[in-house]
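For the record, in the sequence shown the residue sitting at position 33 is 204 according to this note's numbering, with numbers rising by one throughout.
All residues carry an ideal CB built from backbone N, CA and C; glycine is no exception.
A quick write-up on the structure given underneath.
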Amino acid sequence: MRHSRHSMRGAGALTVMALILLALLVGTFVIKMGTQYTQYLTVRSIMQDVAAQPGAAEKSERELWREMNRRFQINSVYDGIEEDDFSVTEEGDRRQMHLEYEVRREFLGNVDVVARFSRSETLAP
172 MRHSRHSMRG AGALTVMALI LLALLVGTFV IKMGTQYTQY LTVRSIMQDV
222 AAQPGAAEKS ERELWREMNR RFQINSVYDG IEEDDFSVTE EGDRRQMHLE
272 YEVRREFLGN VDVVARFSRS ETLAP
């Protein structure tokens, strides 16, 4: 089987530039949103710690929020998490705290990326 040299050329300049552009877009996305996901891991850890404290189920919603917010400040969590994003519910003999919030980051020009985070933890008796 014979192939001419002309038919066996590599990727053209346009293809290489398109791949570079795609890599830059993915890199920009990872940089913009990657920190939000690592910060969510911190939020999750804080919620687990607060919920696991002995007597957490006996605390008021406001007391639980103050404890969480204090830890957010210590850990530099500044994603716009507000008290309105936090709630405590009772399900039978268990109490759970819930946190649901979203982070909006400018991506390119007038295009934003929105990430929604939601977490629930059962409060320790």
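Roughly how many angstroms separate the alpha carbons of residue i and residue j, rounded to a whole number?
{"i": "Arg253", "j": "Arg237", "result": "Inspection of the sequence shows that residue 253 is occupied by Glu rather than by Arg. Approximately 11 Å, taken between the alpha carbons."}
{"i": "Gly280", "j": "Met204", "result": "16 Å"}
{"i": "Met268", "j": "Glu234", "result": "12 Å"}
{"i": "Phe288", "j": "Asp264", "result": "26 Å"}
{"i": "Gln210", "j": "Ala184", "result": "39 Å"}
{"i": "Glu246", "j": "Gln207", "result": "Note on identity: in this sequence residue 246 is Asn, with Glu being the wrong assignment. Looking at the two C-alpha atoms, the distance is approximately 13 Å."}
{"i": "Ala223", "j": "Gln244", "result": "20 Å"}
{"i": "Ala227", "j": "Pro296", "result": "6 Å"}
{"i": "Val197", "j": "Asp256", "result": "30 Å"}
{"i": "Ala286", "j": "Val201", "result": "13 Å"}
{"i": "Glu262", "j": "Val282", "result": "40 Å"}
{"i": "Pro225", "j": "Glu292", "result": "14 Å"}
{"i": "Thr186", "j": "Leu212", "result": "38 Å"}
{"i": "Leu195", "j": "Met239", "result": "37 Å"}
{"i": "Glu229", "j": "Thr260", "result": "12 Å"}
Cα-Cα, which of the options is closest to residue i?
{"i": "Thr199", "options": "Glu292, Ser216 and Val284", "result": "Val284"}
{"i": "Glu273", "options": "Glu261, Asp250 and Thr293", "result": "Asp250"}
{"i": "Arg241", "options": "Leu196, Pro225 and Met218", "result": "Met218"}
Could you tell me whether the Cβ atoms of residue i and residue j are closer together than 9 Å?
{"i": "Glu277", "j": "Arg290", "result": "no"}
{"i": "Val248", "j": "Val221", "result": "no"}
{"i": "Ala182", "j": "Leu190", "result": "yes"}
{"i": "Arg266", "j": "Leu294", "result": "yes"}
{"i": "Glu232", "j": "Ser258", "result": "yes"}
If I follow the unbroken alpha helix (DSSP H) through residue i, where does it start and stop?
{"i": "Gln224", "result": "Counting along the chain, Gln224 falls outside any alpha helix (DSSP H), and DSSP gives it neither H nor E."}
{"i": "Leu235", "result": "Glu232 to Ile245"}
Ends of the beta strand (DSSP E) at residue i?
{"i": "Ala286", "result": "Val282 to Thr293"}
{"i": "Tyr249", "result": "Careful: Tyr249 lies outside any beta strand (DSSP E) and carries neither H nor E."}
For the ligand MN, any of its heavy atoms closer than 8 Å to the Cβ of residue i?
{"i": "Phe243", "result": "What this structure holds is no ligand at all, so the ligand MN is not there to describe."}
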